[in-house]
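Chemist: Under this note's numbering, the residue at position 69 of the sequence shown is numbered 1566, and the numbers go up by one with no gaps.
Where is the CB? At the ideal position from N, CA and C, for every residue including glycine.
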Amino acid sequence: LAAAAFTSVCLSDRFSTSRQTLMWIPDSFFSSLLSGRISTLRDETAAIFIDRDPTAFAPILNFLRTKELDLRGVNISVLRHEAEFYGITPLVRRLLLCEELDRSSCGSVLFHGYLPTPGTHINYSSKVETDPYDIFRADAETGPPIDPRKVLIVAGHHNWIVAAYAHFVICYRIKESSGWQQVFSSPYLDWTIERIALNAKVVGGPHGDKDKMVAASSESSIILWSIQDGGSGNEIGVFSLGVPVDDLFFIGNQLVATSHTGKVGVWNAVTQHWQVQDVVPITSCDTAGSFLLLGCNNGSIYYIGTHTHTHSKICDVTNTVLITFVGAYMQKFPLRMKDNDLLVTELYHDPSNDSITALSVYLTPKTSVSGNWIEIAYGTSSGAVRVIVQHPETVGSGPQLFQTFTVHRSPVTKIMLSEKHLVSVCSDNNHVRTWTVTRFRGMISTQPGSTPLASFKILSLEETESHGSYCSGNDIGPFGERDDQQVFIQKVIPITNKLFVRLSSTGKRICEVQSVDGTTISCFMVRECEASSRMGSRPRRYLFTGHGNGTIQMWDLTTAMDTANRGEECRKEGEKEKELLQLLDQCDLSTSRCATPNISPAPSVLQHTRVRESCSSLQLQTQEPHVENQATYGAVRPYRESHTILLWKETDYFSGFKRFSYTELH
1498 LAAAAFTSVC LSDRFSTSRQ TLMWIPDSFF SSLLSGRIST LRDETAAIFI
1548 DRDPTAFAPI LNFLRTKELD LRGVNISVLR HEAEFYGITP LVRRLLLCEE
1598 LDRSSCGSVL FHGYLPTPGT HINYSSKVET DPYDIFRADA ETGPPIDPRK
1648 VLIVAGHHNW IVAAYAHFVI CYRIKESSGW QQVFSSPYLD WTIERIALNA
1698 KVVGGPHGDK DKMVAASSES SIILWSIQDG GSGNEIGVFS LGVPVDDLFF
1748 IGNQLVATSH TGKVGVWNAV TQHWQVQDVV PITSCDTAGS FLLLGCNNGS
1798 IYYIGTHTHT HSKICDVTNT VLITFVGAYM QKFPLRMKDN DLLVTELYHD
1848 PSNDSITALS VYLTPKTSVS GNWIEIAYGT SSGAVRVIVQ HPETVGSGPQ
1898 LFQTFTVHRS PVTKIMLSEK HLVSVCSDNN HVRTWTVTRF RGMISTQPGS
1948 TPLASFKILS LEETESHGSY CSGNDIGPFG ERDDQQVFIQ KVIPITNKLF
1998 VRLSSTGKRI CEVQSVDGTT ISCFMVRECE ASSRMGSRPR RYLFTGHGNG
2048 TIQMWDLTTA MDTANRGEEC RKEGEKEKEL LQLLDQCDLS TSRCATPNIS
2098 PAPSVLQHTR VRESCSSLQL QTQEPHVENQ ATYGAVRPYR ESHTILLWKE
2148 TDYFSGFKRF SYTELH
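Right, dumping it as structure tokens:
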């Protein structure tokens, strides 16, 4: 061969090969480079310098020489990325097929269900029908723009879930026979939703005991709906807290809203009365029975009784209050209250006067006629973790300090006291410390006492300017019942299609979930549901993920945790990556619009066997000088349109909305 037929390529390492080897794929990086369409940089030996990874280039060059692929020491995703840069389309298709082995639009064994984007029956204002971008402009005046299609928050209660979009909410219910069904959609709201709450079991509600209630808030405004069994809904009212709402939740029949500024609002389903109470600025809160506990910036823990009182006024007898826990409710002896005011009583004061930044209340099982043992774990602004306890037989004294841990150097943001573990999280990139809790007859014990168990981080990054709903919809947990294993949900970066499920006690990874359609996960929530009423059936734990395209996907965490507890790993069936590549050594893959494998004409009349490919099917190509749909160098999957773009093009997401236009960058 003439000397001009040989080429040297320099990528930190030096490679020598023939021009024919580099140029047999049309419109690749190398064909453009050697034909002069791309300027080159040569060294003193006339070798062409290319600023790319030499480790990944070696198997690519070997493929160009032999059409065989050796993956030893190379990551498939890295190799695919390099092959896409060079425009080696046959190699890219093989590597994509290998990646598809572990990815399916039907999900993994943990995938449980898929709720599509809400239907077209949702009512929209005339403003939205005129110009959908008015929503973005209106939201931009008060904060970052919000996509009206995106699921902002998912919340649940019993067998119901509610999904909050920017300007409306949708309620779903599960039945064993029919699965998940949409039962309620709210009217269009002019303001952007930031918080939601759901109560699927309302006793003594305005329309009977079968009512469900759902609430949504934005800034200081709260709207409350009542939903009947048939799915019809009525607006109960719109209430104002007067200041921005930080937390919105139900305690029994009561809707409670709190603000860090020091206001608490309570709406009672029986009395139909909205009441706002001024308290000390609030830094944390938790519930126990029918009572609300508040951690405040003055170092005190207060409690508020939210049940209906039979007497409007009870005289002060003493400043000492004993809380007796009986069943699911709490009684106070004696009571201090003013006419038409909520009873707010100081329960405990931190010895260091630090702000109470996290609260967790644990009620032990009832051990005597006098009630339960109350245990409260709390974290402070200085990083201290304390446990206080009170026994119902300890008449005349408040909770006593039981344990103190000073292992955090940043403010404690979350704390959870359960039957077996104490878990605390601080603001240092969600640094978690855990302890095992020793109990005797259900009550926390000092012998041998709580012992350190684990230290780890749940790294979860947030956008610099996020909407007010982001924290509510992306809470890391821990999730789960106090007498069961609890989990953290880790969303590492704000824009991702993958979540990690980790044990709250040890940080061990239980599983990872990835959206089946490749869309961004915008929010998530863990909830136990009782789909079956059959004897012996147990509630199952599900992870619900809301997505940027308006869908909700569900994942079976009960199966994931059972598998992890047995120490098993999910086995991958079928061909392994290396086995598949060996089978494809003499194949050239091509795209096809055929939805299923199609063999036509019959194999007997073909010189070479052909198998058509769509998504994961294949096509064996004859050796032709030109391959259709070739990728140009530097292109990223030019032969396959983004699945998200296809969904956008093919689906009308909302009635009255003009179709959005999308631009693909090449």
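Spell out a yes or no on whether the stretch 1671 to 1679 and the stretch 1708 to 1724 are touching, meaning 3 or more CB-CB pairs, one atom from each, closer than 8 Å.
Modeler: No, the stretch 1671 to 1679 is not in contact with the stretch 1708 to 1724.
Chemist: Note down, in chain order, each residue of its chain lying with its Cβ closer than 6 Å to the Cβ of Asn1794, except the 5 sequence neighbours on either side.
Modeler: Counting from one through the sequence shown, the residue named residue 1794 turns up at place 297. These residues qualify, in order along the chain: Pro1778, Thr1780 and Ser1852.
Chemist: Would you tell me roughly how many angstroms separate the C-alpha atoms of Thr1815 and Gly1796, rounded to the nearest one?
Modeler: For the purposes of this step, residue 1815 is taken as the residue at position 318 of the sequence shown. For the purposes of this step, residue 1796 is taken as the residue at position 299 of the sequence shown. At Thr1815 the pLDDT is 28, less than 50, meaning the model places this residue with poor confidence and gives no usable figure here.
Chemist: List in chain order: all unbroken alpha helix (DSSP H) runs of 4+ residues lying wholly within the stretch 1509 to 1582.
Modeler: Entirely contained in the stretch 1509 to 1582, the alpha helix (DSSP H) runs reaching 4 residues are, in chain order, 1516 to 1520, 1526 to 1531 and 1551 to 1563.
Chemist: DSSP has Met1710 in a bridge; who is on the other side?
Modeler: On the sequence shown, position 213 is the one that residue 1710 refers to. DSSP lists Asn1696 and Ser1723 as partners of Met1710.
Chemist: Please list the terminal residues of the continuous alpha helix (DSSP H) segment that includes Asp2059.
Modeler: Stepping through the sequence shown from its first residue, residue 2059 is reached at position 562. Per DSSP, Asp2059 belongs to the alpha helix (DSSP H) from Leu2054 to Asn2062.
Chemist: With 9 Å set as the bound, which would you pick, yes or no: does the beta-carbon of Thr1877 sit closer than that to a beta-carbon of chain D?
Modeler: This model lacks chain D altogether; it includes just one protein chain.
Chemist: Would the beta-carbon of Ile1973 fall within 9 Å of that of Asn1927?
Modeler: For the purposes of this step, residue 1973 is taken as residue 476 along the sequence shown, with counting starting at 1. For the purposes of this step, residue 1927 is taken as residue 430 along the sequence shown, with counting starting at 1. In this structure, Asn1927 lies closer than 9 Å to Ile1973 by Cβ.
Chemist: Looking only at its chain, what residues have a beta carbon closer than 7 Å to the beta carbon of Thr1758, apart from the 5 residues adjacent to it on each side?
Modeler: Working through the sequence shown from its first residue, we reach residue 1758 at position 261. Hits under 7 Å: Val1740 and Pro1778.
Chemist: Where does the unbroken beta strand (DSSP E) through Ser1781 begin, and where does it stop?
Modeler: Along the sequence shown, read from residue 1 onward, the residue named residue 1781 stands at position 284. Run containing Ser1781: Ile1779 to Ala1785, per the beta strand (DSSP E) assignment.
Chemist: On the DSSP letters alone, give me the boundaries of the beta strand (DSSP E) that Thr1993 sits inside.
Modeler: On the sequence shown, position 496 is the one that residue 1993 refers to. Here Thr1993 belongs to no beta strand (DSSP E), and DSSP marks it neither H nor E.
Chemist: Does DSSP put Leu1738 in a helix, a strand or coil?
Modeler: Taking the sequence shown and counting its residues from 1, one reaches residue 1738 at position 241. Reduced to three states, the DSSP call for Leu1738 is coil.
Chemist: On the CB-based measure, 16 or more other CB atoms within 10 Å of its CB, does Gln1944 come out buried or exposed?
Modeler: For the purposes of this step, residue 1944 is identified with residue 447 of the sequence shown, where counting begins at 1. Result: exposed.
Chemist: Determine the contact status of Ala1580 and Leu1568, defining contact as a CB-CB distance below 9 Å.
Modeler: For the purposes of this step, residue 1580 is identified with residue 83 of the sequence shown, where counting begins at 1. For the purposes of this step, residue 1568 is identified with residue 71 of the sequence shown, where counting begins at 1. It is not a contact, given that the beta carbons lie outside the stated cut-off.
Chemist: Only counting the same chain, and skipping five residues up and downstream in sequence, which positions put a Cβ closer than 6 Å to that of Thr1903?
Modeler: As a working mapping, residue 1903 is identified with position 406 in the sequence shown. Closer than 6 Å at Cβ, skipping near neighbours: Ala1881.
Chemist: Among Cys1968, Arg1930, Val1571 and Tyr1662, which one has its Cα closest to the Cα of Thr2003?
Modeler: Sequence index remark: in the sequence shown, residue 2003 carries index 506 (1-based). For the residues Cys1968, Arg1930, Val1571 and Tyr1662, the minimum Cα distance to Thr2003 belongs to Arg1930.
Chemist: Apart from the five residues just before and just after Gln2011, which ones in its own chain have a Cβ nearer than 6 Å to its Cβ?
Modeler: Here the question's residue 2011 lines up with position 514 in the sequence shown. Asn1994 and Lys1995.
Chemist: What residues in its chain sit with their C-beta under 6 Å from that of Lys1911, if we drop five residues either side in the sequence?
Modeler: For the purposes of this step, residue 1911 is taken as residue 414 along the sequence shown, with counting starting at 1. So the list reads Ala1855 and Val1922, once near-sequence residues are dropped.
Chemist: Taking buried to mean at least 16 other C-beta atoms within 10 Å of its own C-beta, is Gln1987 buried or exposed?
Modeler: Position 490 of the sequence shown, counting from 1, holds the residue named residue 1987. Per the 10 Å Cβ criterion, buried.
Chemist: In the DSSP assignment, what residue or residues form a beta bridge with Gly1653?
Modeler: Counting from 1 along the sequence shown, the entry for residue 1653 is found at position 156. Answer is Ile1658, bridged to Gly1653.
Chemist: Look at the Cβ atom of Glu1978, then the Cβ atom of Glu2027, and state whether they are nearer than 9 Å.
Modeler: Mapped onto the sequence shown, residue 1978 falls at position 481. Mapped onto the sequence shown, residue 2027 falls at position 530. Result no, Cβ atoms of Glu1978 and Glu2027 do not sit closer than 9 Å.
Chemist: Under 9 Å between the Cβ atoms of Val1648 and Gly2045?
Modeler: Walking along the sequence shown from the start, residue 1648 turns up at place 151. Walking along the sequence shown from the start, residue 2045 turns up at place 548. Yes; because the gap between Cβ atoms is below 9 Å, this pair is in contact.
Chemist: Which same chain residues end up closer than 8 Å to His1770 when comparing Cβ atoms and leaving out the 5 residues on each side of it in sequence?
Modeler: Walking along the sequence shown from the start, residue 1770 turns up at place 273. Same-chain partners within the cutoff: Trp1764.
Chemist: Are Leu1558 and Thr1514 close, meaning C-beta to C-beta below 9 Å?
Modeler: Taking the sequence shown and counting its residues from 1, the one referred to as residue 1558 is at position 61. Taking the sequence shown and counting its residues from 1, the one referred to as residue 1514 is at position 17. Contact: yes.
Chemist: Mind reading off the beta-carbon distance from Leu1598 to Arg1577? Whole number of angstroms is fine, and I expect it under 8 Å.
Modeler: For the purposes of this step, residue 1598 is identified with residue 101 of the sequence shown, where counting begins at 1. For the purposes of this step, residue 1577 is identified with residue 80 of the sequence shown, where counting begins at 1. With a Cβ gap of about 13 Å, Leu1598 and Arg1577 do not count as contacting.
Chemist: Compute the Euclidean distance between the alpha carbons of Pro2135 and Met1520, then round it to the nearest angstrom.
Modeler: On the sequence shown, residue 2135 is found 638 positions in, with the first residue counted as 1. On the sequence shown, residue 1520 is found 23 positions in, with the first residue counted as 1. No answer about Pro2135 holds up, because its pLDDT of 34 lies below 50 and its placement is not dependable.
Chemist: Rounded to whole angstroms, what is the Cα-Cα separation between Ser1963 and Gly2047?
Modeler: Against the sequence shown, residue 1963 aligns to sequence position 466. Against the sequence shown, residue 2047 aligns to sequence position 550. Approximately 18 Å between the Cα atoms of the pair.
Chemist: Could you tell me how far apart the beta carbons of Cys2020 and Gly2043 are, in whole angstroms, since I believe they sit closer than 8 Å?
Modeler: Here the question's residue 2020 lines up with position 523 in the sequence shown. Here the question's residue 2043 lines up with position 546 in the sequence shown. Cys2020 to Gly2043, Cβ: 4 Å. Contact.
Chemist: With respect to the alpha helix (DSSP H) encompassing Ser1969, which residues constitute its N-terminal and C-terminal limits?
Modeler: As a position in the sequence shown, residue 1969 is number 472, starting the count at 1. It spans Tyr1967 to Gly1970 - the alpha helix (DSSP H) in which Ser1969 sits, taken as one unbroken run.
Chemist: Name the residue from Val1753, Leu1594, Gly1876 and Ala2057 whose alpha carbon lies nearest to the alpha carbon of Ser1717.
Modeler: Along the sequence shown, read from residue 1 onward, the residue named residue 1717 stands at position 220. When only C-alpha atoms are compared, the closest one is Val1753.
Chemist: Can you give the Cα-Cα distance for Ala1951 and Asp1644, rounded to whole angstroms?
Modeler: In the sequence shown, counting from the first residue as 1, residue 1951 sits at position 454. In the sequence shown, counting from the first residue as 1, residue 1644 sits at position 147. So the alpha carbons of these two residues sit roughly 40 Å apart.
Chemist: Is Pro1848 near Leu1790, with beta carbons less than 9 Å apart?
Modeler: The residue given as residue 1848 occupies position 351 in the sequence shown. The residue given as residue 1790 occupies position 293 in the sequence shown. Contact flag unset, no.
Chemist: Taking Ile1667 as the reference, give the member of Val2013, Met1913 and Gly1730 with the closest Cα.
Modeler: Sequence index remark: in the sequence shown, residue 1667 carries index 170 (1-based). Measuring from the Cα of Ile1667, the nearest candidate turns out to be Gly1730.
Chemist: Suppose the cutoff is 6 Å on Cβ atoms and the five residues either side in sequence are ignored; what does the same chain contact list for Ser1683 look like?
Modeler: In the sequence shown, counting from the first residue as 1, residue 1683 sits at position 186. Cβ neighbours of Ser1683 beyond the five flanking positions: Phe1665 and Val1666.
Chemist: Can you say whether Ile1671 is buried or exposed, counting buried as having 16 or more other CB atoms within 10 angstroms of its CB?
Modeler: Start at 1 with the first residue of the sequence shown, and residue 1671 comes out as number 174. Counting Cβ neighbours within 10 Å, Ile1671 comes out buried, since at least 16 surround it.
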